[in-house]
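In terms of the UniProt record's numbering, the sequence shown is residues 1 to 149.
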Amino acid sequence: MSPQVSEELQGAGLRITTPRVKVLEFFRTTGYRHCSAEEVFRHLVEQKVEIGLATVYRVLAQLVDAGILTTSMLDSSKMVYELNEGKRHDHIVCLCCGRVDEFSDPLMDGRQKAIADSLDYVLTGHQLVLHGYCSNCRPKPQGIKAGKK
């Protein structure tokens, strides 16, 4: 167990348990982002970690409540988890291959705040997910060969 993981759990007021350590280490060491609970579970089982899917869901919820992870709904049926790195960002998702890219746009952020202000709201959060086709998946225009403009 890395000292960073144990310090992070203790700093969030969470007891150090094997399931919490394994789930957090998954996010800290694998480089995977935007993972569903099922994907986290499959990875841990492949690594020979003895853990149940219900435990993974419970630990993910605890890590979200502690502010270590955040959630996003990238489509209407799939919640994904990612490390909370303290930087607000939005997502764009390819409808064909599922590729997810993150972006942030100060103009868009300002516009959202202006809209909330004009409607007398105080923003506490938001999620923006754009959907489309990435450059590898979008249909090529008719009459144009790939690689030619």
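All C-beta atoms, glycine included, are put in the ideal place defined by N, C-alpha and C.
- DSSP, read as helix, strand or coil, puts residue 100 in strand.
- Taking the C-beta atoms as reference points, residue 81 is found nearer than 8 Å to residue 71.
- If you look at residue 78, you'll find it in the beta strand (DSSP E) that goes 78 to 83.
- Residue 92 is bridged by DSSP to 101 and 130.
- By the criterion of a C-beta distance shorter than 7 Å, residue 74 is surrounded in its chain by 34, 80, 91, 93, 100 and 129, once the five residues flanking it on both sides are discounted.
- The secondary-structure analysis by DSSP pairs residue 108 with nothing; it has no beta-bridge partner.
- Distance between residue 25 and residue 5, taken at the CA atoms: about 7 Å.
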